[in-house]
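Undergrad: Structure provided below as structure tokens; questions to follow.
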Amino acid sequence: MVQILDLSAATQADLGSVAAIAKSAGVDFDDCYQCGKCSAGCPMAHEMDFLPRQVIRLLQLGQYQEALGAHTPWVCANCMVCSARCPQGVDIAAIMLSLRRAAKRAGLRPEKETDIFDDIFVGNIRRFGKSNEAVLAGMFNLKSGHLMQDVLNAPKMAVRGMIGPKLHSVHDKDAVRQLVDKCLAAEKAKGQAAQSGGEVSPS
Amino acid sequence: MKYAYFPGCSANSTGISFTLSADYVGGRIGLELEEIPDWCCCGTSAALVTSADLSLALPARSLALAEQHLPGLDVATPCAGCFASLKGAQHYVRRGTEQRAHVEQLIEMPYAATAEVYSFLEVMAQPEVSEQIASQLTTGLNGLKVASYYGCALVRPADVTQFEDPENPQSMDRLMELAGAEAISWAYKTECCGASHQISEPKGARLLVERIFADAAANGAEAIACACPLCLLNLDLREAEINATRQARGEQPFDIPIYYFTELLGAAMGGSAKQLGIDRHFWPAEALVQRAVSPSPAEPVLDDAGLKPDSADAPAAAPTAAPMAAPMATPEQPAEPAAEAPAAAPAEAAATPATAVAKEVADE
Amino acid sequence: MSRIGVFICHCGSNIAGTVDVARVVEAARSFPNVVVADDNKYTCSDPGQQSIKEAIVEYNLDRIVIASCSPRMHELTFRKMLKDTSINPYMLEIANIREQCSWVHKDIEAGTVKAIDLVKMATAKVDKDTPLFTTTIPINKRALVIGGGIAGMQAALDIADAGYPVTIVEAEPSLGGKMVMLDKTFPTMDCSACICTPKMADVGSHPNITVKTLSEVEQVSGYVGNFEVTIREKAKYVDYATCTGCGLCETKCPTKVASEFDQGLGQRKAIYKPFAQAVPSKPTIDAAHCRKLTSDKCGVCEKLCPTKAINFADEDKLTTETYGAIVVAIGYKLIDWGALYGEYGGGRYSDVISGLQFERLVNASGPTEGHITRPSDGTEPKTVAIIKCVGSRDPEKGRSYCSRACCMYGAKHAHQYLDKVPDGRCYVFYMDVRTPGKGYDEFYMNTQHDGAVYLRGRVSKIFEQGGKLICKGEDTLIGKQVEVAADMVVLETAMVPADAADRLGSMLGVTRDKDLWLSEAHPKLRPVETNSGGIYLAGTCQGPKDIPDSVAQASAAAMKVAILFSKDELESNAMIAGSDASLCNGCGACVNICPYSAITLEEVTRRENSRMVTRQVSRVNPGLCQGCGACTVACKPGAMDLKGFSDEQIMKEVEALCQW
């Protein structure tokens, strides 16, 4: 259904949040002249609800909530081909990252699996200081409910010496854990600040 | 020629063949690598989407450790993903004192970003190193048609990675030509393989892999060369799966083995499949490289046979359609994993993720 | 004690809207030596000027300050006004309280305070004004036109028709420039050659025009009315006095070279005329490829020439002549897209061609005799993609500006293709369609009706797959990724300044803008003049434009030359630099910095400390000096001063601002 976008309904808070996304991504949305070169070359476009260009358009129009709920930033594989080819030098990939972090801070996760995967990945680093693929895949299956995904590949990897009983980890686990916690806490604080009066600009 | 070595998390797991083959080639050309003490995961895309600070702090920690313990050495890493993360942190810190202070505050260590960061591909593509490689070649690759696949992380963003031409890089092609292969011209050299989404968005991400195979096949590639363990695993592990869906759609399957560029260089130097880790691939990769390094098909140069391909992976198990790529020897008959791996390994390994996961879940 | 009058203009509400004029008047009355201060609604109007003239008489003023718009706008108006009064026209200072004050401020308080400061400074400066006088310069009534494309030819013809001798210098072997390479011209679709070659012939045969092809300007000195120009006429190895242009040499020459005229799509010989209708209609030898000249073999042309016109010993000729005016018409070149657009194949795909290459393909006298075929295999492309804005509106890879002509010639190419290949399909990727011009938008709409499919979106990548060129784009109007599997792709590439622009700009003292186009003196009011007197611009050397605009500008430049030549003498600029020989130490810093080469060092013998001393001092040529003031800044001993902007005056302004 085609709905009317009431552009005048964009609030000051929406516009402030849009500005915070621009600042955090280091871009100026007014640079974008909507040529679509970013979206033309996007390898993940087939999974997106809005093309990257349209996400920028939403932000140009002050439609922050709609942009925040878009699947696109979560589908983005961060291959940066958009940013590399943008004639106006707009770092589209950085916009996607900023939007996704802002959505996560706001408690949104339009793409559940992607969010689960990345959370587990970071959890893995927090715990071991290194990434253990088997743990990653296994936990993803448990948490996402896709229990059988890639299960048949596990024994093949084991045969090839790719995964084994021993988990990789750093010696100074505490240092890495503190480092991760510090960054996550800062991110959480940003989210709380955003809820209590407009998105603050990330450092 | 000595570097501070950042192996990356896959070096002793999914990227084991990269480690083996790079060690082999490095040994032949006198490359010295000193592992950065207590390096940690670079955070890759998961850190990036979670927190900008985290995506800087994790690689910066390892770089700071290198600076502290291995002063004066530039950093080299095999993995393109790690390379991108390390370069990102280094680039950020080099932007100014404010940025440097920010990162140092995060990692609670001094980090001046003095050392350069190089990917293994860049290390080997240096003219003097290439010369070394050339001097070690024995058999050569006898015109094997190779599509050099660079992926995204080495080339973008160009101002950060400071790699070569992001649209049509040449360094791997030149190394392949050096080793006697024919570097084919193709269009998907720097297109994304969707590695970060292969677990979380398998359906959508498989298409990216399929397009890469399709373009390589359309341009006559017999093999694809990679410089990234994520890209390789992604292509190698998914080829059989993609072929199954292609056949279901009535399309021709691919038969294109994927190699680390170091595996092909090593093979051209006379390294065996086992030494180089070519026997550990998912898509059968030994026969093709064996043919390539042999003056005639009847005289295989590789002296020891490694693991046989799994039945599910081998195209021979699905004889309905002919392989698209240029003709090669009929793939070996499927066979069970050979003696190379301990008999107990599969069961043990299969149990490992589950126990670790259970523990992890229990912790939270 | 000077007697200063200060007159503050409201400029309607332009100034009065942001500046409290009454307060400025009040403040001005308190400044030293101000005898009268008054305001006016429009000072530049007749009544406004009249009231100043009356005040001059009434208060016996000897100098005035007018606080109004920029001096670029009306300084001349008020100087002219002063000619009718007892005051020297240079005893005037303008305080710019419009462009530099009211227009850039919103706050009345801030605007008023700043306006008072500006008037204060002008009052301090006018106190030190001295009467200045102009001199006259003789004018040499011969014009030099640099560049023999359509703009240069039009300018040369117009000046020549006005009765003045013209020399036209062309770097290529023939006149005609880019226009003669084109097939048809939008929107009327006249055959380009049919309207361009008669002009070439007219230029070639005009009694007032001397044509020097394969030539370039080597050196320029002098000033308006009196330019000394050295021209290098490169060796042609053919004596044009005896050559009849029979063409026998060309048919027998064994060496084939890619034709520049056909944009690499066809071939020419080592001795060649670039195209059939070339003017002059005589061949030249390409020394880099001629066998005789490179390896002393062959020489077949020399043996065959019926008039013995071949001269392998020919050398470059340098001639120096004097001209009163110079028209620069060196045109443009197309951006080197291959080096910039790796995503479009970077030049690796031979069927991705430039618009100019398409012109040669579609031209009946081109390498394919007008059959549109793929350079790679000679087959007729059944699907063609046209991509606009390649290099234009692309600050990251190319230039930020719009190249102005591409929307129209892009539409023309689509129309021509669909006309010649009726069963073909044509897709035009665009960002905007910009068609301001008589009959232009109608032409574009007709092209759509011809069947061209316009797709709004930039192409991200072109790659070869299965013999097709896959263009990956987005149709931004429906928000979907689109792919066109084309047989041939035409890139409508940006116009960029010709290679000679930079060198010639420096030589002539013409500034270049950020994109290196030669700069006009004023974008609206002096579009064909430059900041160097006697030097004019015509055509695309000033910025991208189409043929009608180039021709119009060329005629305008010619008119400016004719106006200059209509007088016998020229009034010089009074506000020029002058060196005080007693302070000058002969260091030469001013000579090096002067962009107009107006300063020389000369030896003088003078009495210093009761001794006769011979040393070098700088001297300013009043005809060349444009009054830019660069030398006064460079001069360490403070010998150089700009009349009307002396160091003392500027220090007084600073003093007024800080201390009053």
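Chains as they are written, first to last, in the numbering used here: chain A, 16 to 218; chain B, 267 to 630; chain C, 208 to 867. We treat Cβ as the ideally placed atom computed from N, Cα and C, and that holds for glycine.
1. According to DSSP, is P345 of chain C part of a helix, a strand, or is it coil?
2. Quick check on DSSP: helix, strand or coil for Q760 of chain C?
3. Once DSSP output is grouped into helix, strand and coil, what is the label at E448 of chain B?
4. How would you write the range of the alpha helix (DSSP H) that D196 of chain A sits in, first residue to last?
5. Name the chain C residues whose beta carbon is nearer than 7 angstroms to that of G56 of chain A?
6. Kindly indicate which three-state DSSP category F479 of chain B falls into: helix, strand or coil?
7. Looking at the C-beta of G686 of chain C, does it have a partner C-beta in chain A at a distance below 7 angstroms?
8. Going by other Cβ atoms of all chains shown within 10 Å of its Cβ, with 16 needed for buried, is Y377 of chain B buried or exposed?
9. What residues match up with K831 of chain C in a beta bridge as DSSP calls it?
10. With a threshold of 7 angstroms on Cβ separation, who are the neighbours of A846 of chain C within its own chain once the five nearest residues in sequence on each side are excluded?
11. Count the other C-beta atoms from every protein chain shown that fall within 10 angstroms of the C-beta of Q361 of chain C, then say buried if there are 16 or more, exposed otherwise.
12. Check each residue of the region 397-427 of chain B: if its Cβ is closer than 7 angstroms to any Cβ of chain A, include it; give the result in chain order.
13. At 3 residues or longer, what runs of the beta strand (DSSP E) sit wholly inside the region 637-696 of chain C?
14. Closest Cβ-Cβ distance between A109 of chain A and chain C: below 7 angstroms?
15. Can you find at least 3 beta carbon pairs, one from the region 129-138 of chain A and one from the region 460-468 of chain B, that sit closer than 8 angstroms?
16. Any beta-carbon of chain B closer than 7 angstroms to the one on G674 of chain C?
17. Below 6 angstroms CB to CB, which residues in the same chain sit around L568 of chain C once its five sequence neighbours on both sides are set aside?
18. Quick one: what's got a C-beta closer than 7 angstroms to E603 of chain C's C-beta in the same chain, skipping five residues either side?
19. Of all the CB atoms in chain C, is at least one closer than 7 angstroms to the CB of G104 of chain A?
20. For F136 of chain A and A35 of chain A, what's the separation of their Cα atoms in angstroms?
21. Using a C-beta to C-beta distance shorter than 7 angstroms, which residues of chain A count as neighbours of F548 of chain B?
22. Anyone know if the C-beta pair for A400 of chain B and L336 of chain B falls short of 7 angstroms?
23. Could you compute how far the alpha carbon of L76 of chain A sits from the alpha carbon of D29 of chain A?
24. Can you find a C-beta in chain C that's less than 7 angstroms from the C-beta of M438 of chain B?
25. Return yes when the Cβ of V33 of chain A is within less than 7 angstroms of the Cβ of V105 of chain A, no when it is not.
26. What does the Cβ neighbour count give for N509 of chain B, buried or exposed, with the cut at 16 atoms within 10 Å?
27. What did DSSP end up calling I294 of chain C once you bin it into helix, strand or coil?
28. Please work out which residues of its chain come closer than 8 angstroms, Cβ to Cβ, to T285 of chain B, disregarding the five sequence neighbours upstream and downstream, and give them in chain order.
29. Against chain A, which members of the region 327-356 of chain B pass a CB distance test of less than 7 angstroms?
30. Do E148 of chain A and T280 of chain B have their C-beta atoms within less than 7 angstroms of each other?
31. Name, in chain order, the residues that DSSP records as bridge partners for D397 of chain C.
32. Taking a contact to mean a Cβ-Cβ separation below 7 angstroms, would you say M702 of chain C touches P643 of chain C in this structure?
33. Which of the residues in the region 19-39 of chain A, read from start to end, lie with their CB under 9 angstroms from any CB of chain B?
34. Closer than 7 angstroms by beta-carbon distance: list the chain F residues that pair up with A60 of chain A, in chain order.
35. Nearest to N221 of chain C by alpha carbon, out of C:P704, C:Y249 and C:R581?
36. If distances are taken between C-alpha atoms only, which option among A:L167, A:S211 and A:A190 comes closest to I140 of chain A?
TA: Taking the geometry as given:
1. As a position in the third sequence, residue 345 of chain C is number 138, starting the count at 1. For P345 of chain C, the secondary structure class from DSSP, reduced to helix, strand or coil, is strand.
2. As a first step, residue 760 of chain C is located in the third sequence; it is residue number 553 there, counting from the start. Here Q760 of chain C sits in helix by DSSP.
3. Taking the second sequence and counting its residues from 1, the one referred to as residue 448 of chain B is at position 182. It is a strand residue.
4. As a position in the first sequence, residue 196 of chain A is number 181, starting the count at 1. Residues K188 to Q210.
5. Taking the first sequence and counting its residues from 1, one reaches residue 56 of chain A at position 41. Per Cβ cutoff of 7 angstroms: S667, K668 and K679.
6. Counting from one through the second sequence, the residue named residue 479 of chain B turns up at place 213. Looking at F479 of chain B - three-state DSSP - the assignment turns out to be helix.
7. To locate residue 686 of chain C, count along the third sequence from 1; it is residue 479. G686 of chain C counts as touching chain A.
8. Here residue 377 of chain B refers to the residue found at position 111 when the second sequence is read from its first residue. Its Cβ being crowded by 16 or more others within 10 Å, Y377 of chain B is buried.
9. Here residue 831 of chain C corresponds to residue number 624 of the third sequence, with the count starting at 1. Per the sequence presented here, residue 831 of chain C reads as Leu, with Lys not at that position. L831 of chain C is not bridged to any residue.
10. Indexing the third sequence from 1 puts residue 846 of chain C at position 639. So the list reads S786, D787, L790 and C791, once near-sequence residues are dropped.
11. Position 154 of the third sequence, counted from the first residue, corresponds to residue 361 of chain C. Classification for Q361 of chain C: buried.
12. Along the region 397-427 of chain B, the positions whose C-beta sits under 7 angstroms from a C-beta of chain A are C418, R422, P423 and A424, read in chain order.
13. 660-663, 668-672, 675-682 and 687-693, all fully within the region 637-696 of chain C.
14. Here residue 109 of chain A refers to the residue found at position 94 of the first sequence. Chain C contact via Cβ: absent.
15. yes
16. By 1-based counting over the third sequence, the position of residue 674 of chain C is 467. Judged by the 7 angstroms Cβ criterion, G674 of chain C is not in contact with chain B.
17. Numbered from 1 along the third sequence, position 361 holds the residue referred to as residue 568 of chain C. Excluding five sequence positions before and after L568 of chain C, the CB atoms of its chain that fall closer than 6 angstroms to its own CB belong to T575 and I579, given in chain order.
18. By one-based count along the third sequence, residue 603 of chain C stands at place 396. Result list for E603 of chain C: empty, nothing under 7 angstroms.
19. Against the first sequence, residue 104 of chain A aligns to sequence position 89. Chain C contact via Cβ: present.
20. Numbered from 1 along the first sequence, position 121 holds the residue referred to as residue 136 of chain A. Numbered from 1 along the first sequence, position 20 holds the residue referred to as residue 35 of chain A. Distance from the CA atom of F136 of chain A to the CA atom of A35 of chain A, rounded to whole angstroms, is 27 angstroms.
21. For the purposes of this step, residue 548 of chain B is identified with residue 282 of the second sequence, where counting begins at 1. In chain order: K171.
22. Position 134 of the second sequence holds residue 400 of chain B. Position 70 of the second sequence holds residue 336 of chain B. No. Outside cutoff.
23. The residue given as residue 76 of chain A occupies position 61 in the first sequence. The residue given as residue 29 of chain A occupies position 14 in the first sequence. Whole-angstrom Cα-Cα distance: 10 angstroms.
24. Here residue 438 of chain B corresponds to residue number 172 of the second sequence, with the count starting at 1. Cβ-Cβ to chain C under 7 angstroms: no for M438 of chain B.
25. Here the question's residue 105 of chain A lines up with position 90 in the first sequence. Here the question's residue 33 of chain A lines up with position 18 in the first sequence. Against a cut-off of 7 angstroms, the Cβ pair of V33 of chain A and V105 of chain A comes out as no contact.
26. Along the second sequence, read from residue 1 onward, the residue named residue 509 of chain B stands at position 243. It counts as buried.
27. In the third sequence, the residue the question calls residue 294 of chain C occupies position 87. If DSSP states are grouped into helix, strand and coil, I294 of chain C belongs with coil.
28. By one-based count along the second sequence, residue 285 of chain B stands at place 19. P273, A277, N278, P344 and G543.
29. Contacts with chain A (Cβ-Cβ distance below 7 angstroms) from the region 327-356 of chain B involve R327, listed in chain order.
30. The residue labelled residue 148 of chain A in the question sits at position 133 within the first sequence. The residue labelled residue 280 of chain B in the question sits at position 14 within the second sequence. Yes.
31. Taking the third sequence and counting its residues from 1, one reaches residue 397 of chain C at position 190. C:T392.
32. As a working note, residue 702 of chain C is residue 495 in the third sequence. As a working note, residue 643 of chain C is residue 436 in the third sequence. In this structure, P643 of chain C does not lie closer than 7 angstroms to M702 of chain C by Cβ.
33. S39
34. Of the protein chains in the structure, A, B and C, none is chain F.
35. Locating residue 221 of chain C in the third sequence gives position 14, counting from the first residue. Among C:P704, C:Y249 and C:R581, the Cα nearest to that of N221 of chain C belongs to C:Y249.
36. Residue mapping note: residue 140 of chain A aligns to position 125 of the first sequence, counting from 1. Relative to I140 of chain A, the option among A:L167, A:S211 and A:A190 whose CA is nearest is A:A190.
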